[in-house]
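Structure record follows, encoded as structure tokens.
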Amino acid sequence: MTELAVAPPDFAKERAIMEKTWASWPGVTGWLSETGHKQIGVRYIVTAFLFFLAGGVEAALMRIQLLRPENHFLGPDAYNQIFTMHGSTMMFLFAVPIMEGFGIYLVPLMVGTHNVAFPKLNAFGYYIYLFGGLFLYTMFFLHAAPQDGWFSYVPLAGPQYSPGKGVDTWAQMITFTEISGLVVAVELVVTTFKQRCPGMSLNRIPLFVWSMIVVSFMILFAMPAVMIASGYLSLDRLVGTHFYNRSEGGDPLFYQHMFWFFGHPEVYIIFIPGLGFVSSILTAFTGRKIFGYTVMVSTLVITAFLGFSVWVHHMFATGLPQLGESFFTAASLMIVIPTGVQIFCWISTIWSGRFRIATPVMYVIGFFLVFIVGGLTGVMLASIPINWQVHDTYFVVAHFHYVLIGGALFPLFGAFHFWFPKWTGRMYNEVMGQISFWLLLIGFNVTFFPMHILGLYGMPRRVYTYQPGMRWGNLNVLASAGAVFMALSVLTMIINFLISRGSGREAGSNPWNADTLEWSLSSPPPVYNYLHVPTVSGLNAVWDAARDQPYVAGMRFDRREILITHVLDAEPDHTEQLPAHSLWPFLLASTMCIGLWGAIFFAWWFTIGAVLSGIALIGWFWPSGEELHDHILRERGELGGLDLGMPEPAREEMR
Amino acid sequence: MTGIALVPVQSALHSAGPQAASIEHLWWVFFWICVAVYIITIAFFFIAAVRGRRRAEAVDDPAHDRRLGIFVSTCAAVTIATLFGLLFSSVATGNAIGTFGKNDPRQLEIEVTGHQWWWEVKYPDALAPANQINDANEIHIPIHTPVLLRLDTRDVIHSLWIPNLHGKRDLIPGRVNKFWIQADTPGVYRGQCAEFCGYQHAHMALTVVAEAPEEFARWKSHMGEGAPTPMTPAQLRGQQVFLNAPCAKCHNILGLDAYGTLGPDLTHFRSRPTLAAGQLLNTRGNLAGWIANAPAIKPGTLMPPNQLSGSEMNDLLAYLETLK
């Protein structure tokens, strides 16, 4: 049964069994039936990064078009499609999924477990995301892309003013990414709440994991709103309902409320993981725990709550009553308080730590320089009168790129460099890392800073061209020039990673002397993560570990068994067996695809897809022989049963 | 295609009326406070970084952490105080703008209706509805007079933005938004649609002509008159071309048997500085090109291409040029 023991040096035999237990099937079926969180996480990250490159190419095309007034490089048709694709790609197919990918990869490692809570569901979420993205791009290459912006306001996106399949494609792509987002949220919440290793009470959860918990809850509350918005839009378009049709008693403003009730939290869903990266990187590079851990966690939670009460500041120009709007000004300004407190806590951490510099930290410095500008222009946008002027202008374009690139992309690139040794076992090239950082910092500011001025000088967003004599030409040339540097930065980073992956210096298990549990594993981590479920005795698991830090013994190596613990103090409760590889997630995602893709062309496809999905679900839940066998044994009392029960002294020691 | 050679500055930082002026003032308050906050925060960051670089060992001392706690709390308190200041100045400005002009007896009412992709402008006359003046893509207003714009749309959501006079206000189907503007400096101010409204969102501009009240009255009485009667044979033939070609189905000319409402009113359109919602200067050449093949110039426009012979076109232009 379970007991505590001092780790002996070698477990070769057990490791071999675990390798076999957690191994994937060989070949293509193995790839499709994979349910390991690291593989799925990496797939999310790689896929999202490819979409990021696509979104970057779209941005470059827009920058070329805007180089000159009345330029004919792209017509209104192409330009409107491309800016819609850029926004939709970056928000739905890049920013959120890549953060989710990091969560899927890192959270089980950081909380000391073998896999996420529902591995088959996890794989399903990835395929749904992939298919949604591919669907959007397939339609794009078939010249049937949406062209009403990533927000698809009605009535412009309604059946009357946007005939064709573009908006339906967009709305359906939302459905796909929503499902996948909800899946990841459920995975991460359950994994962190029920699978933390003994000792990791709530107040010892790493800040990155906290950020993912907060984001997951935000996803759970925000996504249904956009699902309603885009679902009603689909119904208006496909079956002739009138949710947004004013002349039939619908309301176009209702769409805006629903969309921004999701749309604003979405921004936080994107940059809160970035805040988690900053905390992780700064902990490692200052050699001390983040100052004000409790404050940091509570400010994350407060930010999440406030994020749901500010959506109307996207609608100040719609002419809502003044008093009501003022409430949203106050709420929007309040966001500064928790974020500001976090920034001052990080500054305190740097002040009192031994501050070392490497590429990940450079990106964190970039985060400070850029994100704070975005925060401050956000303060300006919260003011109703100022918002009336700069709303829907290039000022706003500049603002949210400062927030999202500053708050999410800089930390993300820092995270790439920070965890690269863990993923690959090798170090990236430091010189190239620094070059990529400077290129991004300079390129970004040259691209986006002039946009503030453009907005104040009257340049609206989403214009495919502008007229000579508007005095916008030079600043647009400058912005386009900056984009070249940004592209070079990303290129440098990719080359760096591709080269270093094979030939970089050996990283060892913990090259940064970082504090979270994944750094106690070899690089790259074994397929099963931890041979024995570890225990932790402090916030900074690796630093606080005793030489003979106990681990949980007595769990089976020949089954995919995980330890379930209590929510608050992570006391062991029972063990649970996770399913192994399965093709059903892929098949279910495919059948749902048939229904959802088909539905926008012909409603009956939805029914066909539903029936096929029902069959796939039956297959999904059909118990395997092994599960039946274990069940029978358990009924007879011949299998240990799920309640392992720890010896009392061991429990005491672990608190 | 010639664009507008000389357009007035379209800028939120060159205010010409009280609303824009108070927003501009508020903007600079916010701007300088934010600059100060940025410099201070980044200075803290770099001081901390230099300090942290010098340490051989991270500090592990509760007393030290307590001092850091005081630092963070002080910063938070200053942040909150600053935010309150900003909130009050913002709300005060908002209220001042919100109540501006509402009780002024000199007010003027104008109806602005958005179309894909042009602006319909009407000056209703409450006493004699027949005297309503119809115009497009330009708004004439007398200076020092509060003007109430009633904003509506015929199709999708648009947003009226004349940055030198005021911020934006959306034109939303099914609801009329009231929006007050006022110009104190005479001049021509450019504005354009600020809410993405489809293909030609980029080419949906308008001009506001702010002039002395006497000039405005003169303009208005001129606009109230019907179109001048054609004088030359070419103009007469042109009028017939206008009536027989599809033109009259969509365009209105006061005094003529043409009542179309899909397109802009043409009664005095030659007095307007631009064509196609600010895209083209209102010259004979541009006009000919526009009539012949509008979709080539402005893809997506509802104005169809017109197949007219050379002489028909010349006659039509001769007639249209009289519509001053």
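Same order as they appear, the protein sequences are chains A and B.
Residues 42 to 696 in this note's numbering are what the first sequence spells out, letter by letter.
Residues 39 to 362 in this note's numbering are what the second sequence spells out, letter by letter.
No residue lacks a Cβ here, since even glycine has one placed at the ideal position from N, Cα and C.
Note that this is a predicted model, so its numbers are computed, not measured.
{"Check": "For F90(A), which residues from the same chain have a beta carbon less than 7 Å from its beta carbon, with the 5 sequence-adjacent residues on both sides left out?", "Outcome": "I139"}
{"Check": "Which value, in whole angstroms, describes the spacing of the CA atoms of F461(A) and M468(A)?", "Outcome": "7 Å"}
{"Check": "For A644(A) and L186(B), what's the separation of their Cα atoms in angstroms?", "Outcome": "48 Å"}
{"Check": "Is there a Cβ from chain B that is less than 9 Å from the Cβ of L698(A)?", "Outcome": "Because chain A spans 42 through 696 in this model, residue 698(A) falls outside it and cannot be assessed."}
{"Check": "Between H153(B) and chain A, is any beta-carbon pair separated by less than 9 Å?", "Outcome": "no"}
{"Check": "Would you say the region 317–336 of chain A touches the region 384–402 of chain A, given that touching needs at least three Cβ pairs under 8 Å?", "Outcome": "yes"}
{"Check": "Per DSSP, D208(B) is paired with what?", "Outcome": "S197(B)"}
{"Check": "Give me, in chain order, the residues of the same chain whose beta-carbon lies closer than 8 Å to that of L480(A); leave out the 5 immediate sequence neighbours on both sides.", "Outcome": "F526, M527, L529, S530 and T533"}
{"Check": "The ligand NAP and I656(A): does any heavy atom of the ligand fall closer than 8 Å to the residue's C-beta?", "Outcome": "In the structure shown, the ligand NAP is absent, as is every other ligand, since no ligand is present at all."}
{"Check": "Is the beta carbon of V150(B) sitting closer than 9 Å to the one on I177(B)?", "Outcome": "yes"}
{"Check": "Using a Cβ-Cβ cut-off of 9 Å, state whether A296(B) counts as contacting chain A.", "Outcome": "no"}
{"Check": "Whose CA, out of P160(A), F436(A), W513(A) and A119(A), lies closest to the CA of R109(A)?", "Outcome": "W513(A)"}
{"Check": "Would you identify the three-state DSSP class for F307(B), choosing helix, strand or coil?", "Outcome": "helix"}
{"Check": "Just how far apart, CA to CA, sit P399(A) and P204(A)?", "Outcome": "Pro is not the amino acid found at residue 399(A); the sequence shown has Ala there. So the two alpha carbons sit approximately 52 Å from each other."}
{"Check": "Taking G225(B) as part of the beta strand (DSSP E), name the residues at either end of that continuous run.", "Outcome": "G225 to Q230"}
{"Check": "Please list the partners that R104(B) has in chain A, where partner means a Cβ-to-Cβ separation under 7 Å.", "Outcome": "Chain A residues near R104(B): none, gap ~11 Å exceeds 7 Å."}
{"Check": "Below 8 Å on the Cβ atoms is my contact criterion, and I expect E359(B) with R322(B) to pass it. Report the Cβ-Cβ distance as a whole number of Å.", "Outcome": "7 Å"}
{"Check": "So, for D353(B): in the same chain, excluding its five sequence neighbours on each side, which residues have a beta-carbon less than 6 Å away from its beta-carbon?", "Outcome": "A272, R275, G276 and V279"}
{"Check": "Under the three-state reduction of DSSP, which class applies to Y297(B): helix, strand or coil?", "Outcome": "strand"}
{"Check": "Cutting at 8 Å between CB atoms, please list the residues of its own chain near H622(A), excluding the five before and the five after it.", "Outcome": "S65, W66, G71, S74, E75 and T76"}
{"Check": "Within 9 Å of any Cβ in chain B, is that where the Cβ of Y170(A) sits?", "Outcome": "no"}
{"Check": "Use the C-beta contact count for M687(A): other C-beta atoms within 10 angstroms, 16 or more gives buried, fewer gives exposed.", "Outcome": "A caution first: M687(A) carries a pLDDT of 47, below 50, which makes its placement in the model unreliable, though a value can still be read off. It counts as buried."}
{"Check": "With contact counted as at least three CB pairs below 8 Å, one residue from each stretch, are the region 113–132 of chain A and the region 233–248 of chain B in contact?", "Outcome": "yes"}
{"Check": "So V308(A) and V444(A) are supposed to be a Cβ contact under 8 Å. How far apart are they, rounded?", "Outcome": "7 Å"}
{"Check": "If you compare alpha carbons, which of T233(A), G96(A) and T154(A) is closest to F135(A)?", "Outcome": "G96(A)"}
{"Check": "Check whether the Cβ atoms of G650(A) and L628(A) sit closer than 9 Å, and answer yes or no.", "Outcome": "no"}
{"Check": "Which whole-angstrom value is the C-beta distance of L453(A) and F249(A), which I expect to be below 8 Å?", "Outcome": "With 8 Å as the limit, L453(A) and F249(A) do not qualify as a contact, their Cβ atoms being about 12 Å apart."}
{"Check": "Could you check if P575(A) is buried or exposed, using at least 16 other CB atoms within 10 Å of its CB as the buried criterion?", "Outcome": "buried"}
{"Check": "Let me know the secondary structure DSSP gives Y202(A) once reduced to three states.", "Outcome": "coil"}
{"Check": "Using only CA atoms, which one of N141(B), A286(B) and L198(B) lies nearest to V246(B)?", "Outcome": "L198(B)"}
{"Check": "Take the Cβ of H155(A) as the centre, count every other Cβ of all protein chains shown within 10 Å, and call the residue buried at 16 or more, exposed below.", "Outcome": "buried"}
{"Check": "Between M42(A) and chain B, is there a C-beta pair that is closer than 9 Å?", "Outcome": "Any reading at M42(A) is ruled out, since the residue's pLDDT is 41, under 50, leaving its predicted position unreliable."}
{"Check": "For A358(A), which residues of its own chain have a beta-carbon under 8 Å away from its beta-carbon, when the five flanking residues on both sides are left out?", "Outcome": "N428, W429, H432 and D433"}
{"Check": "Run through chain A and tell me which residues come within less than 9 Å of I80(B), C-beta to C-beta.", "Outcome": "F409, L410 and I413"}
{"Check": "Hey, out of Y435(A), Y498(A) and S350(A), whose CA is closest to R228(B)'s CA?", "Outcome": "Y498(A)"}
{"Check": "With F217(B) as the anchor, note down where its alpha helix (DSSP H) starts and where it stops.", "Outcome": "From DSSP, F217(B) is part of no alpha helix (DSSP H) but of the beta strand (DSSP E) over N215 to I219."}
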